[in-house]
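Residue numbers (the UniProt record's numbering): 1 to 378.
We put the CB at the ideal spot given by N, CA and C, even for glycine.
Given the structure is predicted, the values throughout are model-derived calculations rather than measurements.
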């Protein structure tokens, strides 16, 4: 009898232990989670492959991109970059002929809008031996892109490419032409300005010597400065006049330039206001050109123009050069009333949100009162 009781006690103890263990495990196990497949890392692009536009694409019906990169709030200086689909990189719009002709007149010193004898080419057309490889590489990239995307307008022959919009014949390859000829040819094909930046190991001991340097390109539509003052300068020196650049953007900008992958495309846009319709201007558009300590002059709305630059940035795979392409949009303020009143009202708020130093940098003391009064009436 005693052995039976003893065995019974053992069985009961084991049973209790099993019940307790079951409850503990159930409590610790938590809710059942379905297994998930590991995330596949996003692959960096490996080419500038682009698709042809629709066969019924008509450049004369292609309205300019809306470029209104501002908010009705306090302005904050940031890099403001976002990914750019390769399909949206180099564009043809209904201003194609007009802008290519304007650019031609600027780089050939034949533009009647500027004083006779002014060396516009010397201020907008840049090349250097260090940039030779990068210029050739960008030429081939841009031409292949345009021929693939717009096959109806750029037709390859045995020795050259025919631009059917202008009738110009462009070198088929960079291999058989000088870098000067290639830069000129690019201005007869793409509307964008382009700037080539490279590292310069020979200048590593200089201030900012580890940064990228402006080594080549065509900057025919520069505004507010003379590009020749920026040529062969590092990034920080180029952006020096921008309020807050060195404190807020320098480190992140240089880090981004060092880390961007070949073929990767990013974009950012800016905005400004000017009291003329010129694409190139080196003696206006910025507050440091004139003293407007007194009340600013009054401008009619037809004389005030909105300006925006759509910038794209990429790293070429062979040369390692950083290329900026810059698309400039200009239109009179009257267009806000005609087509985009909501964007105009938002611009009024953005102008009021500019800190004093940035407003002065943009030249707002000159046009600010007139611009805001007009936009407030929309």
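Residue pairing of residue 267 in beta bridges, as defined by DSSP: 82 and 312. Taking C-beta atoms as the reference points, residue 174 and residue 150 fail to come closer than 8 Å. In the structure shown, residue 359 adopts helical secondary structure according to DSSP, grouped into three states. The three-state secondary structure of residue 325, taken from DSSP, is strand.
For the region 171-226, the full-length alpha helix (DSSP H) segments reaching 4 residues or more read 179-186 along the chain. Linking residue 99 to residue 378 through their CA atoms gives a straight-line distance of about 29 Å. At least 8 Å separates the beta-carbon of residue 121 from that of residue 179.
Listed in chain order, the non-local C-beta contacts of residue 81 below 8 Å within the same chain comprise 256, 266, 267, 268 and 313, local neighbours out to five positions each way being set aside. Fully contained in the region 127-165 are the following alpha helix (DSSP H) runs of length 4 or more, in chain order: 132-149.
Judged by DSSP in its simplified three-state form, residue 332 adopts strand. Short of 8 Å from the beta carbon of residue 71, and not among the five residues preceding or following it, lie these beta carbons of its own chain, in chain order: 346, 349, 350 and 353. With respect to residue 153, residue 322 sits apart: the two C-beta atoms are not nearer than 8 Å. Spanning the alpha carbons of residue 68 and residue 158 requires a straight line of approximately 42 Å.
DSSP, read as helix, strand or coil, puts residue 272 in strand.
In this chain, residue 377 is not harboured by any alpha helix (DSSP H), its DSSP state being neither H nor E. Around the beta carbon of residue 341, a 10 Å sphere encloses fewer than 16 other beta carbons of the protein chains shown; the residue is thus reported as exposed. Taking all protein chains in view, the Cβ of residue 176 is surrounded by fewer than 16 other Cβ atoms within 10 Å, so the residue is classified as exposed.
Assigned with DSSP and collapsed to three states, residue 76 falls in coil, not helix or strand. Residue 77 sits away from residue 146, with the two beta carbons spaced by 8 Å or more. Each of 246, 330, 234 and 253 was checked against the Cα of residue 65, and the nearest Cα belongs to 330. With contact defined as three or more Cβ pairs closer than 8 Å, the region 44-52 and the region 231-251 are not in contact. Residue 251: member of the alpha helix (DSSP H) spanning 250-259, first to last residue. Residue 156 and residue 172 have their alpha carbons spaced roughly 7 Å apart.
By the Cβ criterion, the region 298-318 is not in contact with the region 224-244, since fewer than three pairs of Cβ atoms, one from each stretch, lie closer than 8 Å. Among the bridge pairs identified by DSSP, residue 299 is matched with none. The criterion of a C-beta distance shorter than 8 Å is satisfied by residue 262 and residue 316. Here residue 273 is not near residue 310, since their CB atoms are 8 Å or more apart. Per DSSP, the continuous alpha helix (DSSP H) segment holding residue 97 begins and ends at 96-107. As computed with DSSP, residue 125 is found in a beta bridge with 218. In the DSSP assignment, residue 344 falls within the alpha helix (DSSP H) that extends over 341-352. Just measuring C-alpha positions, the residue of 369, 333, 264 and 334 sitting nearest residue 45 is 264.
Contact between residue 119 and residue 109 holds, with the beta-carbon distance rounding to 6 Å and staying under 8 Å. Nearest to residue 324 by C-alpha distance, out of 198, 59, 63 and 132, is 198.
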